[in-house]
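Colleague:
Here it is, written out as structure tokens:
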């Protein structure tokens, strides 16, 4: 597929599915892919998406449809990911929104299926493509082996609660730490108050994370802070800012992170590069399974 424009089928066109579709159409205008159409759950959604985006829309995922495409972008509710991925992998490469599955057992079955049919799985852990997280990767590289306390909050307003398991619906902080340090937790404990969790996680190399996830209050919060022996780094993933405080000399620095393209566009562009064999490192099935395992324990 190195010189071929990949043909893509979108499965799922809810709120975030529409964002995927709009991004796919932008990439299509740049001749980076060809959208075959979308598969949705109801005839009402079929009519709305057909009218709004002027693409073919089906309400059933068939063998004949899968044989027409190179890859599928799955943006459906998390509890459907396992069934749809297993349906698609015998035919095509798959991009699947986080979490890859709802249990580690399901995730491992997806991996086995992908290997059997020699198809790619990329998992939509979008914060790996966030400008703050990308900048952190290089900033923290010299501190990778130092002791650190990590405090993170990923909070949504309580009136946006969708009722899904907290750690499965909001695994982003697990993923950010995984991306930055490439460490697997050794101990996980949790305290729950209504629809918010405080999760204590111990990692190798003396990394200790205290993460707050869930639905509470009326504000959206996306922060992650790192306290090292000589340096404090505070990050706001909404304001796209990194504040660095040197604890030895008191000097401070603020970095504003920006990107010409959105994290979703970069994520989907990466998937296209993976399909063409031009990129080897991406959130693959192994990473996706590891993060399902962490979220399930939490």
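Numbering (the numbering used here), first residue to last: 144 to 441.
Even for Gly, the Cβ is constructed at its ideal location relative to N, Cα and C.
Just to confirm the assignment, what range does the beta strand (DSSP E) spanning residue 318 have?
Modeller: No beta strand (DSSP E) contains residue 318, which is instead part of the alpha helix (DSSP H) from 315-324.
Colleague: Can you give me the C-alpha to C-alpha distance between residue 241 and residue 343, rounded to a whole angstrom?
Modeller: Whole-angstrom Cα-Cα distance: 22 Å.
Colleague: Indicate the three-state DSSP secondary structure (helix, strand or coil) for residue 157 in the structure shown.
Modeller: In the structure shown, residue 157 sits in coil (DSSP, three-state: anything other than H, G, I, E or B).
Colleague: Where does the unbroken beta strand (DSSP E) through residue 180 begin, and where does it stop?
Modeller: Here the beta strand (DSSP E) through residue 180 covers 177-182.
Colleague: Could you tell me the distance, in whole angstroms, from the CA atom of residue 365 to the CA atom of residue 387?
Modeller: Each residue's Cα considered, the two are about 17 Å apart.
Colleague: Can you tell me the Cα-Cα spacing of residue 166 and residue 270, whole angstroms?
Modeller: For residue 166 and residue 270, the distance between alpha carbons rounds to 16 Å.
Colleague: Are residue 228 and residue 418 touching if we call contact CB-CB under 7 Å?
Modeller: Not a contact, by the Cβ cut-off of 7 Å.
Colleague: Buried or exposed: residue 346, going by 16 or more other Cβ atoms within 10 Å of its Cβ?
Modeller: The residue is buried, with at least 16 neighbouring Cβ atoms inside 10 Å.
Colleague: Going by DSSP, which residues form a beta bridge with residue 251?
Modeller: Paired residue(s): none; residue 251 is not in a bridge.
Colleague: In whole angstroms, give me the CA-to-CA distance for residue 295 and residue 423.
Modeller: Spanning the two alpha carbons is a distance of roughly 29 Å.
Colleague: For residue 260, which of helix, strand or coil comes out of DSSP?
Modeller: The answer is helix: DSSP assigns residue 260 an H, G or I state.
Colleague: Spatial neighbours of residue 310 within its chain, please: CB distance less than 6 Å, with the 5 preceding and 5 following residues excluded, ordered by chain position.
Modeller: Cβ within range, chain order: 438, 441.
Colleague: Under 8 Å Cβ to Cβ from residue 407, same chain only, skipping five residues before and after it: list those, please.
Modeller: The residues are 162, 163, 166, 269, 272.
Colleague: Could you tell me which of 182, 170, 178, 413 sits nearest to residue 154, measuring between CA atoms?
Modeller: Checking every option, the nearest Cα to that of residue 154 belongs to 182.
Colleague: Taking contact to mean 3 or more Cβ pairs, one atom from each stretch, closer than 8 Å, check whether the segment 192-204 and the segment 237-254 are in contact.
Modeller: The answer is no - the segment 237-254 does not touch the segment 192-204, with fewer than three Cβ pairs under 8 Å.
Colleague: Let me know if residue 390 comes out buried or exposed under the rule of 16 or more other beta-carbons within 10 Å of its beta-carbon.
Modeller: So residue 390 ends up on the exposed side.
Colleague: Using C-beta distances below 8 Å, list every residue in its chain close to residue 204, excluding the 5 sequence neighbours before and after it, in chain order.
Modeller: Cβ within range, chain order: 154, 182, 227, 230, 231.
Colleague: Can you tell me whether residue 397 sits near the ligand ADP, meaning its C-beta is under 6 Å from at least one heavy atom of the ligand?
Modeller: Here there are no bound small molecules, and the ligand ADP is not part of this structure.
Colleague: Rounded to whole angstroms, how far is the Cβ of residue 262 from the Cβ of residue 218, which I believe are closer than 8 Å?
Modeller: Contact flag wrong, Cβ pair sits at about 18 Å.
Colleague: So, for residue 401: in the same chain, excluding its five sequence neighbours on each side, which residues have a beta-carbon less than 8 Å away from its beta-carbon?
Modeller: Closer than 8 Å at Cβ, skipping near neighbours: 274, 383.
Colleague: Taking DSSP as the reference, what is the three-state secondary structure of residue 334?
Modeller: DSSP places residue 334 in strand when its eight states are reduced to three.
Colleague: Residue 411: which of 224, 264, 253 sits nearest, CA to CA?
Modeller: Of the listed residues, the one whose Cα sits closest to residue 411 is 264.
Colleague: How many Å lie between residue 151 and residue 237 at the Cα?
Modeller: Rounded to the nearest angstrom, the two C-alpha atoms are 10 Å apart.
Colleague: Mark residue 284 as exposed unless 16 or more other C-beta atoms lie within 10 angstroms of its C-beta, in which case mark it buried.
Modeller: That one is exposed.
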